[in-house]
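Counted the way the working numbering counts, the sequence shown spans residues -19 to 293. Report on the structure given below.
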Amino acid sequence: MPATKRVHLWSGRSVWQARRLPPLPSRPLTRDLVADVLIVGAGISGAMVADALSDAGLSVVIVDRRDPVTGSSAASTALLQYEIDTPLCQLIKQTGQDRAQRIWRRSRVSLDALRARVRHLGIDADCIERDSLYLQGNVLDADGLLSFADFRVNERAFQLMEQVSGRAGRKEATGKVLIQTIQPSHPVLQLVKDHDYKKLYTEEIEKRKQFFYPPFSRLIHVTFKHKIKEVVEKASHFFADGLKTKYGQWLVGPAEPVINRIRNQHLMELLIKLPRDTKMIANCKKDMLEQVALLHQHKSFKSVTVVNNVDVV
Ligand SMILES: Cc1cc2nc3c(=O)[nH]c(=O)nc-3n(C[C@H](O)[C@H](O)[C@H](O)COP(=O)(O)OP(=O)(O)OC[C@H]3O[C@@H](n4cnc5c(N)ncnc54)[C@H](O)[C@@H]3O)c2cc1C
-19 MPATKRVHLW
-9 SGRSVWQARR
1 LPPLPSRPLT
11 RDLVADVLIV
21 GAGISGAMVA
31 DALSDAGLSV
41 VIVDRRDPVT
51 GSSAASTALL
61 QYEIDTPLCQ
71 LIKQTGQDRA
81 QRIWRRSRVS
91 LDALRARVRH
101 LGIDADCIER
111 DSLYLQGNVL
121 DADGLLSFAD
131 FRVNERAFQL
141 MEQVSGRAGR
151 KEATGKVLIQ
161 TIQPSHPVLQ
171 LVKDHDYKKL
181 YTEEIEKRKQ
191 FFYPPFSRLI
201 HVTFKHKIKE
211 VVEKASHFFA
221 DGLKTKYGQW
231 LVGPAEPVIN
241 RIRNQHLMEL
251 LIKLPRDTKM
261 IANCKKDMLE
271 QVALLHQHKS
281 FKSVTVVNNV
291 DVV
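Here it is, written out as C-alpha cells:
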C-alpha cells in the first residue's frame, strides 16, 4: 500500500489545493473588534505569529483579503528542511562564514522548535524524519564537473561527489545518494557508485604519466589579460616565442581558454610543463620574469596583465 495519497502532480495545482481540506473557521469582518494584536495575512507566517502571541496570553485577530491559507502557503511543497534554499557554500561567499553558519543553525533550531510545537499541540502531522541527503542537480552539477577542461577533472569530480555523498546518513543510519546526470555510464560515476578510489588512482596516474602531467612534471600556468582580443593574442605569442628556444618542447599554447573573457578582459593561456628539475624550474622562472619585462617594454603590450601560477591546484 503506498505511503502517500496519489495525486496528479502536473495539474498546476498544489497538493493542498488538489485535496479537500478540513474547513478553517473564518468569517467576514462586519463589525469592530478589540484585540491586543491584529495580524494582517492568514498564511503560515500569520498563523505561527498568532500561535506564539496567543500562547503568551495575548488576544489576537488575523485578517486577510482572501480566504485563509490560500496565498503562497497553499502553493508550498511543504518540504521541511533545516537548510535554507541557498546552499551553505554559496551563502558563505555572499555573507561570510560566520553569518552563513549562523543562518543555517538558526533554520535548524526553527525546525526543531516547529517539531516540538506540533508535538505539544497534539497535531497529527504525519511528520517523518529522513536520513537521506537530497541535492539539487545543478548545485553539485555532476555533468558540469565532468566536462571541465582540466587534467584533474576526473579526480576533482570523484572527490567532490564522494565528499558530498559521505554526508548522507546520520551516525549509524544509512543514507541514500541520488546523482542527477545525463551520462550515467560515465566511468567516473561508475567509480563513485562503487566507491572505488583505488581504481580511480590507477587509471588517473597512468594517464598523467602518459601525458606528462603532475606528479611527473611541474606546471606553470600563465594567463594574459587585455581588453582588446587582438592585443592579448599577439602579446601571448610574443611571450611564448621568447621562451621557445630554451623551453619549446615543454610549452603548450598559447591558446584561448574555454572561458575566454572575464570582466571585459580577453584571456589567453600558456602552459609550461617542466621536468621535476629544481635548477631548470628556477631558471625558467627567471626567464619568464625577463620575458614579462620585455613584453611591457613593448609599446602595444604595456597594459597587458600577465599572471603566473606555479603548480596550480
Ligand atoms: C511553488 C512553491 C513551493 C514552495 N515550497 C516550499 C517548501 O517546500 N518548503 C518551504 O518551507 N517553503 C516553500 N515555499 C515557500 C512558502 O510557501 C512561503 O514561504 C510561505 O508560504 C509564506 O507564507 P506567508 O504566510 O508569509 O505568505 P502567504 O501564505 O502568501 O500569506 C500572506 C497572506 O497575506 C495576505 N495579505 C497580504 N497583503 C495583505 C493586505 N494588504 N491586506 C490583507 N491581506 C493581505 C495575502 O492575501 C495572503 O493570504 C514554496 C512556495 C511556492 C510558491
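Backbone N, C-alpha and C define an ideal beta-carbon position, used for all residues, glycine too.
Closest in C-alpha terms to L33, from the list R11, A15, L180 and R243, comes A15. For the pair A273 and L250, the CB atoms are not nearer than the 7 Å cut-off. Considering only L223, I252, D130 and F281, the residue with the shortest C-alpha distance to V212 is F281.
Annotated as distal: P67 and S6, with beta-carbon spacing of 7 Å or more.
Residue environment analysis places H206 among the buried positions, since at least 16 neighbouring C-beta atoms fall within 10 angstroms of its C-beta. Taking C-alpha positions only, V17 is separated from G26 by approximately 11 Å. Short note on A(-2): C-beta not closer than 6 Å to any heavy atom of ligand 1.
Ligand 1 has a heavy atom closer than 6 Å to the beta-carbon of V20. Burial check for I239: the Cβ neighbour count within 10 Å stays below 16, so the residue is exposed. For E249, the enclosing beta strand (DSSP E) starts and ends at Q245 to P255. Annotation for A15 indicates a beta carbon at 6 Å or more from all heavy atoms of ligand 1. In the DSSP annotation of this structure, T225 is not part of any beta strand (DSSP E); the continuous alpha helix (DSSP H) holding it starts and ends at K209 to Y227.
Counted as a single uninterrupted DSSP element, the alpha helix (DSSP H) harbouring S25 occupies residues I24 to D35.
Burial is judged here by how many other beta carbons sit within 10 angstroms of a residue's own beta carbon; Y227 has at least 16 and is buried.
For R7, no beta strand (DSSP E) segment is defined, and its DSSP state is neither H nor E.
Its Cα nearest to that of T154, the residue S145 stands out among H246, S145, T161 and I162. Per the coordinates, the alpha-carbon of R88 lies some 40 Å from the alpha-carbon of D12. By the neighbour-count criterion, in which a residue is buried when 16 or more other Cβ atoms sit within 10 angstroms of its Cβ, C264 is buried.
Just measuring C-alpha positions, the residue of P234, S283, S52 and V202 sitting nearest D291 is V202.
Between the alpha carbons of D31 and I19 lies a distance of about 11 Å.
By the 16-neighbour rule on beta-carbons within 10 angstroms, A80 is buried.
Bounds of any alpha helix (DSSP H) do not take in P48, whose DSSP letter is neither H nor E. Each residue's CA atom was taken as its position, placing I72 and A137 some 21 Å apart. Remark: the C-beta of R45 is in contact range of ligand 1, defined as less than 6 Å to any heavy atom. Bounds of the beta strand (DSSP E) holding L231 are L231 to A235. Secondary structure of H206 (DSSP, three-state): strand.
With respect to the 7 Å criterion, S197 and M248 are not classified as neighbours on the basis of their beta carbons. The C-beta separation of I200 from N288 comes to about 6 Å, placing the pair in contact by the 8 Å criterion.
Put simply, of I108, W84, I83 and R85 the residue whose alpha carbon is nearest the alpha carbon of R95 is I108. For G228, the Cβ stays outside the 6 Å cut-off from all heavy atoms of ligand 1.
Relative to ligand 1, even the nearest heavy atom lies 6 Å or more away from the CB of T285. Contact between G76 and S52 is ruled out by a C-beta separation of about 30 Å, above the 8 Å threshold.
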